[in-house]
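Novice: What follows is a structure written as structure tokens; I'll ask about it next.
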């Protein structure tokens, strides 16, 4: 299994959200622009090195099947996807829903089962603005 960081997750999600392809305009219009050019280029290089994205001839990037299978494969059980996502980043139910591309209603029962099994702990996340 491929180890992902928060920036990796956000980059791959950008591609998944855009039907497996994204380009510099998509990055510029996303939250990733806060990272700056250097960190974005480092992240893209790291993802390419690990064969999670490919560079297309038109300069855009494609999410590889290897990357797609980390969190967005239908064969992976929902509960495991939730645990894998929470290992990368603390998320609210809304964020879990966004990253896994599932409705909150589809996830609530699974999250509740994980909570009852004491595999996750759902607490309010304090966010500083």
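Residue numbers (this note's numbering): 0 to 128. In this text, a Cβ means the ideal position worked out from N, Cα and C, and glycines have one as well. It should be emphasised that the depicted structure is a prediction, and the values quoted were computed from it without experimental measurement.
1. Under DSSP, the beta strand (DSSP E) around residue 73 begins and ends at which residues?
2. So is residue 80 buried or exposed if we call it buried at 16+ other beta carbons inside 10 Å?
3. Near residue 5, which residues of its chain fall below 7 Å by C-beta distance, leaving aside the five closest residues on each side in sequence?
4. To which residues of the same chain is residue 12 closer than 6 Å at the C-beta, ignoring the five residues directly before and after it?
5. Closer than 8 Å by C-beta to residue 119: which residues in its own chain qualify, once you throw out the five before and the five after it? Chain order, please.
6. Are the beta-carbon atoms of residue 50 and residue 63 separated by less than 7 Å?
7. Which residue spans inside the stretch 8–75 form an unbroken alpha helix (DSSP H) run of at least 4?
Specialist: On the basis of the supplied data:
1. Residue 73 -> no beta strand (DSSP E), and no H or E assigned at all.
2. buried
3. Once the five neighbours on either side are set aside, the close Cβ partners of residue 5 are 87 and 88.
4. 98
5. If we look at residue 119 and ignore the five residues flanking it on each side, its Cβ neighbours are 81, 82, 85, 110 and 113.
6. yes
7. 23–27, 36–48 and 64–70
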